[in-house]
Amino acid sequence: MSLFWRMFLSNAIVLVIATGLLIGPWVTVSSPVLVHEALVLCGGLMAMLVANGLLFRIGLAPLKRLTEAMADANLLEPGQRARVTGRGELAELTESFNVMLGRLESEWAESSGRVLSAQESERRRVARELHDEVGQTLTAVILQFKGIADRVPTTLREEVVTAQETVRGSLDEVRRIARRLRPGVLEDLGLPSALRALVTEFSAPGVTTSHRVDGSLTALGAEAELVLYRVAQEAMTNAARHSGASRIGLELRTAGGRAVELTVSDNGTGLRHAAEGAGLQGMRERALLRGAALTLTSRDSGDTTVRLRVPLLPEGAT
1206 MSLFWRMFLS NAIVLVIATG LLIGPWVTVS SPVLVHEALV LCGGLMAMLV ANGLLFRIGL
1266 APLKRLTEAM ADANLLEPGQ RARVTGRGEL AELTESFNVM LGRLESEWAE SSGRVLSAQE
1326 SERRRVAREL HDEVGQTLTA VILQFKGIAD RVPTTLREEV VTAQETVRGS LDEVRRIARR
1386 LRPGVLEDLG LPSALRALVT EFSAPGVTTS HRVDGSLTAL GAEAELVLYR VAQEAMTNAA
1446 RHSGASRIGL ELRTAGGRAV ELTVSDNGTG LRHAAEGAGL QGMRERALLR GAALTLTSRD
1506 SGDTTVRLRV PLLPEGAT
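Going from the sequence shown to the numbering used here is simple: count from 1 and add 1205.
Listed below in structure tokens is the structure:
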């Protein structure tokens, strides 16, 4: 039965009952209306209003649930669906919304995959140019300073050496940026070694880092390894630069033989009800690309935990 006919028949039943009471022997109305008769009529009116309110609330409850599901829908957190109850127009509308949401999630995953693939290609290109062009140029400048330092007077040698060390520091920074843009250790040595190197990179005075990486991890595939590495990189960057953490921990382990779970935790200031930034949104997009589940837990005390659970593909799948 359509929503219109359900509401119409509900009101019709209430009106028929009220009319039956008025024309029956139970209720009489005098002219002028007596006090007790007015009380009876007012009570009947209140009963009709209450009955109509209850019927409308029950009839429109599925529509309210659908509205709440629409407001809570987030393409970066797939799997959310509105509950389908009953039959009729509202059930069909809810099912259509669920189908549309699934289609949008699929299209979002495809478009995010293309964007992230293009982003990784651009990262590799920039890293290669930094290493081959800028890195070689700075190396040549360092060698030139070294040759000049051997020929200049003693009074100027210290300044030349200082400039040489400044350029050397810039070269190290360029190489560090190139490694972050294109993690060569991930391609050469695999995910466990890349994560260990990443944790070491974030070690600094006043910041204690630790890691526990399961050495028995089987091959995850290039895409899954890149997702795990980039999420770990972004989570550790947020912890080191923005949260003021003094302790950062990373753990990678298998979860029940069907998934790999990455956990990055810190004792920083936490989110404190701050809006999600581009970094966290990027992590969610990467997780969505691989069908993974990303959860972020931040306590009032400031401890923050980022957990990524990546399902393992069946053998032979790519």
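Even for Gly, the Cβ is constructed at its ideal location relative to N, Cα and C.
A quick note: this is a predicted structure, and the numbers were derived from the prediction, not measured.
Buried or exposed (CB count within 10 angstroms, at least 16 for buried), residue 1398: As a working mapping, residue 1398 is identified with position 193 in the sequence shown. Looking at its Cβ environment, which holds fewer than 16 other Cβ atoms inside 10 Å, residue 1398 is exposed.
Exposed or buried, what is residue 1220 when buried is set at 16 or more other beta-carbons lying within 10 Å of its beta-carbon? Here residue 1220 corresponds to residue number 15 of the sequence shown, with the count starting at 1. Classification for residue 1220: exposed.
Entirely enclosed beta strand (DSSP E) segments - the region 1404-1455, minimum 3 residues: List check, beta strand (DSSP E) in window: 1413-1418.
DSSP three-state label for residue 1388, please. Locating residue 1388 in the sequence shown gives position 183, counting from the first residue. Here DSSP, grouped into helix, strand and coil, assigns residue 1388 to coil.
For residue 1223, which residues of its own chain have a beta-carbon under 8 Å away from its beta-carbon, when the five flanking residues on both sides are left out? Numbered from its first residue, the sequence shown carries residue 1223 at position 18. Cβ neighbours of residue 1223 beyond the five flanking positions: 1249, 1253.
Through-space distance from residue 1468 to residue 1411, alpha-carbon basis: Your numbering for residue 1411 matches position 206 in the sequence shown. Your numbering for residue 1468 matches position 263 in the sequence shown. A direct Cα-Cα distance of roughly 22 Å separates residue 1411 from residue 1468.
Quick one: using the 10 Å Cβ neighbour count with 16 as the cut-off for buried, is residue 1462 buried or exposed? The sequence position of residue 1462 within the sequence shown is 257, counting from 1. The residue is exposed, with fewer than 16 neighbouring Cβ atoms inside 10 Å.
Are there 16 or more other CB atoms within 10 angstroms of the CB of residue 1521, so buried, or fewer, so exposed? Here the question's residue 1521 lines up with position 316 in the sequence shown. Residue placement at residue 1521 is poorly supported in this model, since its pLDDT is 48, which falls under 50; the coordinates are not used for a value here.
Nearest neighbour of residue 1407, chosen from 1345, 1426, 1381 [CA to CA]: On the sequence shown, position 202 is the one that residue 1407 refers to. Scanning 1345, 1426, 1381 for the CA closest to the CA of residue 1407 turns up 1381.
Going by DSSP, what residues sit across from residue 1301 in a beta bridge? To locate residue 1301, count along the sequence shown from 1; it is residue 96. Under DSSP, residue 1301 forms no beta bridge with any residue.
Closer than 6 Å by C-beta to residue 1512: which residues in its own chain qualify, once you throw out the five before and the five after it? Chain order, please. In the sequence shown, the residue the question calls residue 1512 occupies position 307. Within the same chain, and ignoring the five residues on either side of residue 1512 in sequence, the residues whose Cβ sits closer than 6 Å to its Cβ are 1468, 1500.
Does the region 1261-1280 touch the region 1292-1300, meaning 3 or more C-beta pairs lie closer than 8 Å? In short, these stretches touch, since the Cβ pair count reaches three.
Start-to-end residues for the alpha helix (DSSP H) that takes in residue 1346: The sequence position of residue 1346 within the sequence shown is 141, counting from 1. It spans 1340-1354 - the alpha helix (DSSP H) in which residue 1346 sits, taken as one unbroken run.
By Cβ distance, which residues of its chain are closer than 7 Å to residue 1365, with the 5 residues on each side in sequence left out? The count along the sequence shown starts at 1 and reaches residue 1365 at position 160. The beta carbon of residue 1365 sits closer than 7 Å to the beta carbons of 1350, 1353, 1354, 1357 from its chain, once the five residues preceding and following it are set aside; these are given in chain order.
Inter-residue spacing [alpha-carbon to alpha-carbon] between residue 1523 and residue 1464: Counting from 1 along the sequence shown, the entry for residue 1523 is found at position 318. Counting from 1 along the sequence shown, the entry for residue 1464 is found at position 259. Interpretation of residue 1523 is limited by its pLDDT of 48, a score under 50 that renders its predicted location unreliable; the figure taken from the coordinates is listed afterwards. Their Cα atoms are separated by approximately 15 Å.
Residue 1523, DSSP secondary structure in three states: Counted from its first residue, the sequence shown places residue 1523 at position 318. Confidence in residue 1523 is poor, its pLDDT being 48 and thus under 50, which makes the residue's placement unreliable; the coordinate value appears in the next sentence. In this structure, residue 1523 counts as coil in the three-state DSSP scheme.
Is it buried or exposed for residue 1473, if we count other Cβ within 10 angstroms and need 16 for buried? Mapped onto the sequence shown, residue 1473 falls at position 268. Counting Cβ neighbours within 10 Å, residue 1473 comes out buried, since at least 16 surround it.
Under a Cβ-count criterion, where at least 16 other Cβ atoms within 10 Å of its own Cβ denotes burial, should residue 1310 be classed as buried or exposed? Position 105 of the sequence shown, counted from the first residue, corresponds to residue 1310. A residue is called buried when at least 16 other Cβ atoms come within 10 angstroms of its Cβ; residue 1310 meets this threshold and is buried.
Sub-8 Å separation of residue 1276 and residue 1285 beta-carbons: In the sequence shown, counting from the first residue as 1, residue 1276 sits at position 71. In the sequence shown, counting from the first residue as 1, residue 1285 sits at position 80. Contact: no.
From 1429, 1451, 1485, pick the residue whose C-alpha is nearest to that of residue 1494; which is it? Counting from one through the sequence shown, the residue named residue 1494 turns up at place 289. Considering only alpha carbons, the answer is 1429.
C-alpha gap between residue 1342 and residue 1383, whole angstroms: Within the sequence shown, the letter at position 137 stands for residue 1342. Within the sequence shown, the letter at position 178 stands for residue 1383. Whole-angstrom Cα-Cα distance: 15 Å.
Just tell me which of 1416, 1367, 1377, 1438 has its CA closest to the CA of residue 1335. Counting from 1 along the sequence shown, the entry for residue 1335 is found at position 130. Of 1416, 1367, 1377, 1438, the residue nearest in Cα terms is 1377.
Please look up how many angstroms separate the CB atoms of residue 1515 and residue 1433, rounded, as I've assumed it's under 8 Å. Translated into positions along the sequence shown, residue 1515 becomes position 310. Translated into positions along the sequence shown, residue 1433 becomes position 228. The pair is a contact, with the Cβ atoms about 6 Å apart (cut-off 8 Å).
Separation of residue 1216 from residue 1437, as counted between CA atoms: Looking up residue 1437 in the sequence shown gives position 232. Looking up residue 1216 in the sequence shown gives position 11. Near 60 Å, if we compare the C-alpha coordinates of residue 1216 and residue 1437.
Quickly, what does DSSP pair residue 1471 with across the bridge? List them, please. Here residue 1471 refers to the residue found at position 266 when the sequence shown is read from its first residue. Residue 1471 pairs with 1453, 1509.
Simplified DSSP state of residue 1499, which is helix, strand or coil: What you label residue 1499 is simply residue 294 of the sequence shown in a count that begins at 1. In the structure shown, residue 1499 sits in a strand (DSSP, three-state: E or B).
Please report how far the alpha carbon of residue 1260 lies from the alpha carbon of residue 1212, in whole angstroms. Taking the first residue of the sequence shown as position 1, residue 1260 is located at position 55. Taking the first residue of the sequence shown as position 1, residue 1212 is located at position 7. Near 8 Å, if we compare the C-alpha coordinates of residue 1212 and residue 1260.
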